[in-house]
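Protein chains in written order, with the working numbering: chain A, 86 to 395; chain B, 33 to 448. The beta-carbon is built from N, C-alpha and C at its ideal position, and this holds for glycine as well. This structure is a prediction, so every number in the text was calculated from the model and none was measured.
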Amino acid sequence: MTRQLPQSVDATQALLQDGAYVADRSLATVLYLSLTLGRPLFLEGEAGTGKTEIAKVLADTLGRTLVRLQCYEGLDVASAVYEWNYPRQMMEIRLSEATGDRDREQLAADIFDERFLIERPVLRALKPDMAGPPVLLIDELDRTDEPFEAFLLEVLADYQVTIPELGTIKAPEPPIVIITSNRTREIHDALKRRCYYHWVPYPAVERELEILRVKAPHAPEELSRQVVAFVQKLRDMDLYKLPGVAETLDWADALTQLDKIALTPEAIDDTLGTLLKYQDDIAKIQGSEARRVLDEVKQELAGQAARSAS
Amino acid sequence: MTPPPSDDRMSEGEPREAGGRLAENLMLFARTLRAAGLPVGPGRVLQGVEAMQAVGIERRDDLYWALHAVFVNRREEHPLFDQAFQVFWRNPRLLDRLSQLALPEAPTDENQQNRREIARRLAEALASQQDGEHEQREEIEIDAAHTWSQQETLRTMDFEAMGQAETAEAKRAIARFRLPVRPMRTRRYRPSQHPGQADLRRTMRAALRAGRDDIPLQWRHQRRRPPPLVMLCDISGSMAQYSRMVLHFMHTVTRDRDRVHSFVFGTSLTNITHHLRHQDVDEALAKVGGTVTDWEGGTRIGHCLHTFNRVWARRVLGQGAVVLLITDGLDRDNAEGLAAEMERLHKSARSVLWLNPLLRYAGYAPKSLGARAMLPYVHDFRPVHNLASLSELVDVLSAPMDRRNSEIAVWRAMIA
């Protein structure tokens, strides 16, 4: 099932909603721009704010193929773009020697043929696809080093790669490119300039509650409210790693699995590991601090309920 | 579609095609951003027009985020853009004030004239559009507090100019500079004559070129590269006599290799990497002297390391970074929380080198609370007895780390 690209910001928001992705208007606007004007989308933000998810939802709702390139340090052209199939090439050379039917020039041309080319994600994203141009997700670009970034410039500017033995391969239709970064280092401006930049923040209370309703429908309403309020409080605290939306969802799931219908200090202490990922942070929150925050949360929620009732 | 608010500039019923005034306004807006310090070039303006045409001008927030995606490139630029947008697309009269507030440093005369010129032209251009429109005065408080220097100026620093001889010496010294940390193996390869890993690609090409019966293997080796370097330098009162020399060292290192981040701290932490990128050492030091405001005051090592761990560690300690900590370990806060922060730093960096220039005599023992808190978490400790020249600093830092009879064990024994 393939779908047309959305024709307005509203349509983009609706599209994301179909994919069970709760997006801010700002994100929908930037995504719409990127889709209509064919420029990559550069998403930066803390871990667990749903950057990678956007590409998946997009591929899913538009019915396109998702091509994912997970970045790591030392990622090179051989594992990102293409590689020759050396064993088969050697076999070919041996075979032609055995039969002696080809001269060297001919052999060279035969060896560096598309038959012996192993496609890696970037090349696959540039090739025509039955379902339309694929969605190319370049995940956690900050993990690679500068040389790979520089290489990406050519790909992102012209949607083409050059293979010395074959020539230049250009995408008939540009793929949809989504780049994400956790900002463990600054990405060079030259690359950002070719993209639409968007910082994905932690969601506000209502937005996070909405996400929870969509993604964790089995969590009781009361529990969801408390979970969101608690997490939002934690984000204002001085922690080494603040919990993202992914952690909120995990936590709500864990509490639901334990049949909790509301937060209790014991339940928090037992499940804090799904929310906070550093021992220092857990030690800081566990026990009395969790109790204090929970009391605050309960008071606030009670206050809200009283206001809305009156 | 929600109807746009009546005071919106976009509500004037202009054609969707951003010909004419809207494009012109966008250009002026870009100019305002540039004056405020965002790197906005003509290419961006074209992108901006494109983006504006794509989302339309019916909704203010759509236009906002569309232009945001084009003009903003880092998170820090967001507040500046936000203010400029609010002011520009609402009340151009405030622009005068904005453009004056938006100067991060004292402009030269010519500069100032330029900016005034721009602001005036801006005001004129906007005023001509506003003819017939209801004149309205709005009191908008411009909160410029978070856009540039957050601190009041407490104390800045003047450095005497570096002599030519000194600069030459710096270059010679830095040529000898070796961190006592081995260069890291990367996952990239270089061709090699000696057996290592087989380089099949080169092998295949060579085979075709030679056309012999056998296929001789070609080799490759892993490239090595010095790790990223993060320098944290104490500039409190007790370190006063070294700060100029150490900054000189930081500047020379920054110019010499890539992936260097520099911070100074006294009572608060300041990132000075950007300033040190100036080619000219005097200019760089003058910039640092003018930006940093806690020269020769007290030291709050624990507090500053906490800031570093929280705000910067994840961004600069990637890819196996080495931390060079230059401090005397004398802490005003009685080393409160210092051990915990040192432990965190120790866990996130590949190695932590502590250079202590406190000692003017040889019988130093790490007795102060700060030193006792820090010593367990450093991989290497280098006290210097007389830190008078850059070349000495380089020598001390370049001395190889001998693991077997490492001095660090001796130092640690002293605090046990």
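Minimum Cβ-Cβ distance from residue i to chain B less than 8 Å
i, result
"A193/A", "yes"
"Y281/A", "yes"
"T146/A", "no"
"Q98/A", "no"
"M322/A", "no"
"I196/A", "yes"
"V94/A", "yes"
"R377/A", "no"
"Q89/A", "no"
"I178/A", "yes"
"Y287/A", "no"
"T341/A", "no"
"K277/A", "yes"
"T265/A", "no"
"G159/A", "yes"
"W169/A", "yes"
"T121/A", "yes"
Any chain A beta carbon closer than 8 Å to residue i
i, result
"L240/B", "yes"
"D114/B", "no"
"Q351/B", "yes"
"A67/B", "no"
"I247/B", "yes"
"R342/B", "yes"
"N105/B", "yes"
"E315/B", "no"
"H411/B", "no"
"R208/B", "no"
"A101/B", "yes"
"H110/B", "yes"
"W251/B", "no"
"R220/B", "yes"
"D233/B", "Contrary to the premise, residue 233/B reads as Arg rather than Asp in this sequence. Judged by the 8 Å Cβ criterion, R233/B is in contact with chain A."
"V384/B", "no"
"R346/B", "yes"
"A86/B", "yes"
"M406/B", "no"
"G97/B", "The identity of residue 97/B in the sequence shown is Trp, whereas the question assumes Gly. W97/B counts as touching chain A."
"A83/B", "yes"
Cβ-Cβ separation, residue j to residue i (assumed contact under 8 Å), whole Å
i, j, result
"A405/B", "M374/B", "6 Å"
"T146/A", "R110/A", "The Cβ separation is near 18 Å, so there is no contact."
"V94/A", "A113/A", "5 Å"
"G130/A", "W284/A", "6 Å"
"A83/B", "A98/B", "4 Å"
"K277/A", "N388/B", "No, K277/A and N388/B are not in contact; Cβ-Cβ is about 40 Å, not under 8 Å."
"A387/A", "I263/A", "Not quite, the Cβ-Cβ distance comes to about 42 Å (not below 8 Å), so this is no contact."
"E258/A", "R205/A", "Not confirmed; about 20 Å, so no contact."
"V428/B", "V416/B", "5 Å"
"A193/A", "L240/B", "5 Å"
Spatial distance of residue i from residue j (CA atoms)
i, j, result
"D208/A", "Y171/A", "Before going on, a small fix: residue 208/A reads as Leu here, not Asp. For L208/A and Y171/A, the distance between alpha carbons rounds to 18 Å."
"I206/B", "E271/A", "26 Å"
"D363/B", "P249/A", "60 Å"
"L308/B", "T331/B", "22 Å"
"F233/A", "I223/A", "12 Å"
"L202/A", "V348/B", "38 Å"
"A441/B", "L370/B", "21 Å"
"Q250/B", "G228/B", "9 Å"
"K379/B", "C336/B", "17 Å"
"V119/B", "N303/B", "30 Å"
"D338/A", "D344/A", "10 Å"
"M215/A", "C280/A", "26 Å"
"T235/B", "L180/A", "18 Å"
"Y287/A", "L361/A", "15 Å"
"E368/B", "G322/B", "30 Å"
Inset, instruction - With a floor of 3 residues, list each beta strand (DSSP E) that falls wholly inside the stretch 222–299 of chain A, ordered by position along the chain. - result: 245–248, 252–255, 261–266 and 281–285
Legend entry - Validate contact between the stretch 310–325 of chain A and the stretch 370–385 of chain A using beta carbons, cut 8 Å, 3 pairs: yes
Inset, instruction - Decide yes or no for the touch test of the stretch 209–221 of chain B against the stretch 370–389 of chain B: beta carbon pairs closer than 8 Å, at least 3 of them. - result: yes
Legend entry - Length-filtered (4 minimum) alpha helix (DSSP H) runs lying within the stretch 286–372 of chain A: 290–300, 306–320, 330–342, 350–356 and 364–370
Legend entry - Three CB pairs or more closer than 8 Å across the stretch 262–271 of chain B and the stretch 349–362 of chain B: yes
Inset, instruction - Counting only runs of 3+ residues fully inside the stretch 203–281 of chain B, write out the beta strand (DSSP E) ranges in chain order. - result: 216–224, 251–257 and 261–266
Inset, instruction - Answer yes if the stretch 292–299 of chain B comes into contact with the stretch 245–256 of chain B, meaning at least three C-beta pairs across the two stretches below 8 Å, and no otherwise. - result: no
Inset, instruction - Kindly provide the ranges of any beta strand (DSSP E) runs that are 3 or more residues long and lie completely inside the stretch 139–210 of chain A, ordered along the chain. - result: 151–155, 167–169 and 202–204
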